[in-house]
Ligand SMILES: Cc1cc2nc3c(=O)[nH]c(=O)nc-3n(C[C@H](O)[C@H](O)[C@H](O)COP(=O)(O)OP(=O)(O)OC[C@H]3O[C@@H](n4cnc5c(N)ncnc54)[C@H](O)[C@@H]3O)c2cc1C
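In our numbering, the protein residues as written are 603 to 998.
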């Protein structure tokens, strides 16, 4: 059977790459997905420590892809409120779904569950899967003008020729390097310690975050009364906390959270991931695009890492659908450049905003402390300001 030529090759089948492959296949494009590892299957008995505060606009994207009901039906904890406060500056900020006239602000979902459901939908959408396979080399004609196609060679010997190649292969993207796209990076010298915990009091379907001079500590509500914690700490502190005996860890965590939810008891292993800000200088080189962590890595304090990546996907899908409706060339250089410009400016603004918040809150300086208390107090007293902020963060 002869097949149409490939329109898009997506490299990297994490949440962003798999959602991108599925989105573009559903627009009728011929899509291949190249992934280096067999994707981890989700199972209810072994929760994935990597959880996301999933924003409503991305839930709508998944709904459009036909996978949201399956994710929600498996395990997604809605959260209705958010409480943010400062260890030393006073002031507390709260957002409530009621303020926005919504049932919830978002959902807490596991990374493995999202990829599991996306991958399950790929074959029926006609996506050609190359897994396990990694990109080894890339050539493109007319890279400077964006007029030629892209040729990829995979480590299993397969050669792919495609109109467009998308790098969604994570922070250390190989395809980004092959395309010669540079990044600017800043190491926060912090790590995010993650675990599941039980708490003495109910989490009240609320995402809690306390800012400490060492970094923010978040408790995200999960199912069966558990919470998922993300405890940002300087590298050495993170190593120390990871090595603590269970009861000592519970005690330190309870204290760091001011026992706001009562006694805390960890019910999973602990893990930590390094934190950096990393922004690609450009998102497009000829017919190679970057998205997700390949294009931008941000501080997790606002839970936006994967949300920003999925917004890259939604924007590309909209740009291509718009071109198709006008019978225009969906991969024209100016269309790709406009997509790249819009994504890059949104993502850079978000990355630097999180940077500013991290810097302002992660220190003991008296002036910074006073300013924080004032800022949180003001925002807390001005519901429209809080609502505006939330709408921006949730893509509404
Ligand atoms: C332990 C951990 C916890 C995190 N917790 C949070 C959190 O609480 N909140 C938050 O917002 N963010 C969090 N993040 C960040 C978040 O996971 C990322 O923003 C998100 O995963 C980005 O998705 P992605 O699909 O762009 O990249 P990735 O998830 O990194 O996926 C990239 C995929 O590409 C594949 N790949 C890599 N190289 C190649 C190659 N050469 N060829 C083919 N395939 C390749 C990889 O196998 C992988 O499947 C966490 C990250 C980690 C590591």
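Where a beta carbon is used, it is the ideal one built from N, C-alpha and C, also for glycine.
- With a threshold of 8 Å, the Cβ atom of residue 870 does not count as near ligand 1, since no heavy atom of the ligand is closer than that.
- A straight-line Cα-Cα distance of about 15 Å links residue 657 and residue 703.
- For the pair residue 641 and residue 620, the CB atoms are nearer than the 9 Å cut-off.
- Inclusion of residue 953 and residue 900 in the CB contact set at 9 Å is warranted, their separation being smaller than that value.
- In this structure the stretch 862-882 does not lie against the stretch 917-933, because fewer than three pairs of beta carbons, one per stretch, are closer than 8 Å.
- Residue 818 is a Cβ neighbour of residue 811, given a cutoff of 9 Å.
- Residue side-chain check: residue 933 keeps its Cβ at 8 Å or more from all non-hydrogen atoms of ligand 1.
- Rounded to whole angstroms, the separation of the alpha carbons of residue 670 and residue 655 is 15 Å.
- With fewer than three CB-CB distances shorter than 8 Å, the stretch 814-833 does not count as touching the stretch 906-920.
- Contact between the stretch 674-688 and the stretch 837-855 is absent, with fewer than three C-beta pairs closer than 8 Å.
- Under the 10 Å beta carbon count, residue 786 is surrounded by fewer than 16 other beta carbons and is classified as exposed.
- Per DSSP, reduced to three states, the secondary structure at residue 790 is strand.
- Distances between the C-beta of residue 875 and the heavy atoms of ligand 1 include at least one below 8 Å.
- Counting the other Cβ atoms within 10 Å of the Cβ of residue 712 gives 16 or more, which makes it buried.
- With respect to the 9 Å criterion, residue 783 and residue 681 are not classified as neighbours on the basis of their beta carbons.
- Distances taken from the Cβ of residue 685 to the heavy atoms of ligand 1 include none shorter than 8 Å.
- Counting only runs of 4 or more residues that sit fully inside the stretch 662-708, the alpha helix (DSSP H) segments are 670-677, in chain order.
- Collapsing the DSSP output to three states places residue 876 in a strand.
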